[in-house]
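Residue numbering for the sequence shown follows numbering that gives the first Met the number 0, beginning at 0 and increasing consecutively.
A virtual CB, placed ideally from N, CA and C, is assigned to each residue, including glycine.
Because the structure is a prediction, the values reported are computed rather than measured.
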Amino acid sequence: MEKDLIRNFKIEKINKDKSFFMIDEVIVEKDLNIHIKDEIIARLLISPKDIENLTIGYLYNLGYISSIDDINCIRIEDKDSYVILNTQLSKEIVYNTKILRIKKNDLFKLSKIFQNKSEIFKRTGGAHSVGLIKDCKIVKFVEDVSRSNAVDKLIGHILKEKIDISDKFIFTSCRVNEQIIEKIEKVGFSLIVSQSSPTSRAVEIARSKDINLIGFARGERFNIYNKNKNLIVE
0 MEKDLIRNFK IEKINKDKSF FMIDEVIVEK DLNIHIKDEI IARLLISPKD IENLTIGYLY
60 NLGYISSIDD INCIRIEDKD SYVILNTQLS KEIVYNTKIL RIKKNDLFKL SKIFQNKSEI
120 FKRTGGAHSV GLIKDCKIVK FVEDVSRSNA VDKLIGHILK EKIDISDKFI FTSCRVNEQI
180 IEKIEKVGFS LIVSQSSPTS RAVEIARSKD INLIGFARGE RFNIYNKNKN LIVE
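Here's what the structure looks like:
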């Protein structure tokens, strides 16, 4: 798997005392064209893995589909993803109102496990990771050179497998900006936890739409930027 996601380049490394040549591992970035019928609707730069899930999540977030049942078939060929739709529907967002109980010590453990989960990041420093979490355990883990693509891959997996997210939340390595929190909100998650920072727009959206938002979940600490009555941190 890693051979398709990582390439080796000869580089010159320079530090304070010396310089030398070495082989460095670099994350692969490739083009993906998404087609509906004969029209290219998107050109993305991606990590070439989980392409079908990425296509599904991307179409969902742009409003082309409301569920996996709106897709007749997907055909992946090299750098192209061809989609035939059954229909185009609008979907009312169903928000998660189930109470989530999280023990802070479990979140500390999850953060440590998650940080060591991505072999691609450890080798290249270039991957963003997103996880589907239940009871502070990783149910599904995806990664991509783009944070937006990583979220779309996870959403595509959720739609494809018709997963109930009422008892689950999102954990990510990436910065949470407006685009990321809107993708999470659209699918109905009530909580997103990030090892990085949120932007001001993400905090504003979380507070206006009552989405639980936790940032800087590293080691044995985290910051709560928004918390509603359905999230209990023990």
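Cβ-Cβ distance between residue i and residue j below 9 Å
{"i": "I55", "j": "G155", "result": "yes"}
{"i": "D261", "j": "H34", "result": "Limits of the chain in this structure are 0 at one end and 233 at the other, which puts residue 261 out of reach."}
{"i": "K182", "j": "C135", "result": "no"}
{"i": "R174", "j": "S193", "result": "yes"}
{"i": "S46", "j": "I26", "result": "yes"}
{"i": "A201", "j": "N176", "result": "yes"}
{"i": "F168", "j": "I132", "result": "yes"}
{"i": "L58", "j": "I39", "result": "no"}
{"i": "I191", "j": "I210", "result": "yes"}
Alpha-carbon spacing of residue i relative to residue j, whole angstroms
{"i": "T123", "j": "R6", "result": "9 Å"}
{"i": "I137", "j": "I162", "result": "14 Å"}
{"i": "K185", "j": "N60", "result": "7 Å"}
{"i": "R42", "j": "S18", "result": "39 Å"}
{"i": "G130", "j": "F113", "result": "8 Å"}
{"i": "S147", "j": "I179", "result": "7 Å"}
{"i": "R100", "j": "F120", "result": "30 Å"}
{"i": "S196", "j": "S172", "result": "9 Å"}
{"i": "H127", "j": "K116", "result": "11 Å"}
{"i": "L31", "j": "Y81", "result": "10 Å"}
{"i": "K159", "j": "S199", "result": "32 Å"}
{"i": "F170", "j": "N104", "result": "15 Å"}
{"i": "D3", "j": "E28", "result": "10 Å"}
{"i": "L212", "j": "D16", "result": "44 Å"}
{"i": "A188", "j": "E24", "result": "The sequence given here has Phe at residue 188, not Ala. Straight-line Cα distance between these residues: approximately 35 Å."}
Assigned secondary structure, residue i (DSSP; H/G/I helix, E/B strand, else coil)
{"i": "R217", "result": "strand"}
{"i": "D30", "result": "strand"}
{"i": "T54", "result": "helix"}
{"i": "F8", "result": "strand"}
{"i": "I67", "result": "helix"}
{"i": "D16", "result": "coil"}
{"i": "D3", "result": "helix"}
{"i": "E233", "result": "coil"}
Close-in-space but distant-in-sequence residues of the same chain around residue i (CB under 7 Å, 5 per side omitted)
{"i": "K152", "result": "D49, N52, L53, G56, V141, D143"}
Residues near residue i by beta carbon distance below 8 Å, same chain, minus five either side
{"i": "K36", "result": "I83"}
{"i": "F20", "result": "K9, I10, E11, K12"}
Runs of alpha helix (DSSP H) lying entirely within the region 101 to 159, each at least 4 residues, in chain order: The qualifying runs are 103 to 114, 118 to 123.
Segments assigned beta strand (DSSP E), at least 3 residues, entirely inside the region 158 to 226: Listed in chain order, the complete beta strand (DSSP E) runs (minimum 3 residues) inside the region 158 to 226 are 167 to 171, 190 to 193, 211 to 217, 220 to 225.
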